[in-house]
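As numbered in my numbering, residues 10 to 336 make up the sequence shown, in order. Even for Gly, the Cβ is constructed at its ideal location relative to N, Cα and C. Report on one structure; see the data block that follows.
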Amino acid sequence: MPTPVRQSPVIHGHDGIPSKVPWCAVIVYIGVTFTGISAVALAWSRSGDMNNEADALLFGGLGMCTPTLGLLIAATVTGEIRRPGRLLASTGISRPASWTRLARFLAIALLLPFALLAATLAIATSAGTYRFHEPFPAGPLVSELITNTVTFVPLLVLVFGEEWGWGYLLTRLLPLGLLRGILLSGLIWGLFHAPLTLQGYLYLDLPGPVGAALFTLGSILLGCVMAWIRIASSSLWPAVILHGSSNLLVNPIPAVVGAAVDPRATAFHTSIPGSWPSWIALSTVIAVLVVTGRFRALSPHPEIRPSGKSCESRRGPATGSASGTSR
10 MPTPVRQSPV
20 IHGHDGIPSK
30 VPWCAVIVYI
40 GVTFTGISAV
50 ALAWSRSGDM
60 NNEADALLFG
70 GLGMCTPTLG
80 LLIAATVTGE
90 IRRPGRLLAS
100 TGISRPASWT
110 RLARFLAIAL
120 LLPFALLAAT
130 LAIATSAGTY
140 RFHEPFPAGP
150 LVSELITNTV
160 TFVPLLVLVF
170 GEEWGWGYLL
180 TRLLPLGLLR
190 GILLSGLIWG
200 LFHAPLTLQG
210 YLYLDLPGPV
220 GAALFTLGSI
230 LLGCVMAWIR
240 IASSSLWPAV
250 ILHGSSNLLV
260 NPIPAVVGAA
270 VDPRATAFHT
280 SIPGSWPSWI
290 ALSTVIAVLV
300 VTGRFRALSP
310 HPEIRPSGKS
320 CESRRGPATG
330 SASGTSR
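Here's what the structure looks like:
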């Protein structure tokens, strides 16, 4: 009996997921995205302050739009842009099969960062690197949460700009295998921030290369969780909410309720995913997902169709190709 071909663990229930990695699209996407964020970082360093909140909103917001720019240009080069329905479906933007199921994942995405922060601050406090204010500032915390909630929805537009692009990259790397696709997309996502972290963004007291390496590690861990919720929910929106909740609702809280023992190392001790305690919290979540079979449940789908044409196929039909087969 012939040995069955082992199919690549790609996500099921989606139209337009490629049966093999469209390297042309991936290279164009990475080139455009990294060029864009590098240009933003250069402008920010020359005409702004890396640690100013207003500048962070302006330049950070521009930087968060570069993954979507990379998506649009890559989709134009490969011809995917001519089939917008399939392009949207392959990036998780389509009518959900179950609104109730989607709502459940949205709730998880919204609340999980709060649980991660609680664990992060507990670990940092136990290690003696963070201290809560006494008495506990309940009033200021409520005020901060109300303010952040008001700005949460409009600022999700910027988060969407980043997540739509990364959702595009993730699905195009999945033919490498579930684990390799998730880890590689997380690595690229972390390196995407390097033009900023190399200049001291977040890590004021560390050399740029060290800060870039630390944030890349955190991005890989958070990327695993975000990839799981993106794939398991069959929708981009939970990933957008999780990212937005982490950045906009949760990360401002540590500065309100306490302070790092070393103020210049605040991000290294309290931020998600930039702090070492958050890496422990994220690793715990990933371990739970693995042990409970949540990643294993993202089973292969035997009827994956290519999402678009390769750069070569735009010039004519490829010979010897077998559309609709898995690797």
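Contact set for Ser135: own chain, Cβ-Cβ below 8 Å, skip 5 residues either direction: none
Simplified DSSP state of Arg189, which is helix, strand or coil: helix
Three or more C-beta pairs below 8 Å linking the segment 216-230 and the segment 90-109: no
Secondary structure of Ala124, DSSP reduced to three states: helix
Alpha-carbon to alpha-carbon, Pro122 and Ile281: 8 Å
Own chain, CB closer than 7 Å to Ala417, minus 5 neighbours either side, in chain order: Beyond the ends of the chain as shown, which are 10 and 336, falls residue 417; an answer cannot be given.
Complete alpha helix (DSSP H) runs within the segment 272-310 (minimum length 4 residues, chain order): 275-279 and 285-300
Separation of Leu192 from Val234, as counted between CA atoms: 11 Å
Cβ shell of Gly174 (< 7 Å), same chain only, five flanking positions each side left out: Thr42, Pro76, Thr77, Gly79 and Leu80
Close beta carbons around Ser255, own chain, < 6 Å, minus the five adjacent residues each side: Pro122 and Ile281
Length of the line joining the Cα atoms of Arg110 and Ala221: 37 Å
Where Gly79 falls: helix, strand or coil (DSSP): helix
Whether Ile238 touches Leu251 by CB criterion (8 Å): yes
N-terminal and C-terminal residue of the alpha helix (DSSP H) that Phe169 is part of: Ala147 to Leu182
Test item: CB-CB of Thr87 and Cys33 under 8 Å: yes
Pair within 8 Å by beta-carbon distance, Leu96 and Ser103: no
Arg140, enclosing beta strand (DSSP E) - first and last residue: Tyr139 to Phe141
Glu153 versus Ala306 - alpha carbon distance: 38 Å
Rounded separation between Ser243 and Val166 - CA only: 20 Å
N- and C-terminal bounds of the beta strand (DSSP E) containing Trp267: The residue asked about is misnamed: residue 267 is Gly in this sequence, not Trp. Start and end: Gly267 to Ala269.
For Ala63 and Ser54, the rounded distance between their alpha carbons: 14 Å
Straight-line Cα distance separating Ala50 from Met73: 11 Å
Cβ shell of Glu171 (< 6 Å), same chain only, five flanking positions each side left out: Met73 and Pro76
Any chain B beta carbon closer than 8 Å to Thr100: Considering every chain present, this structure includes no chain B. It has just one protein chain.
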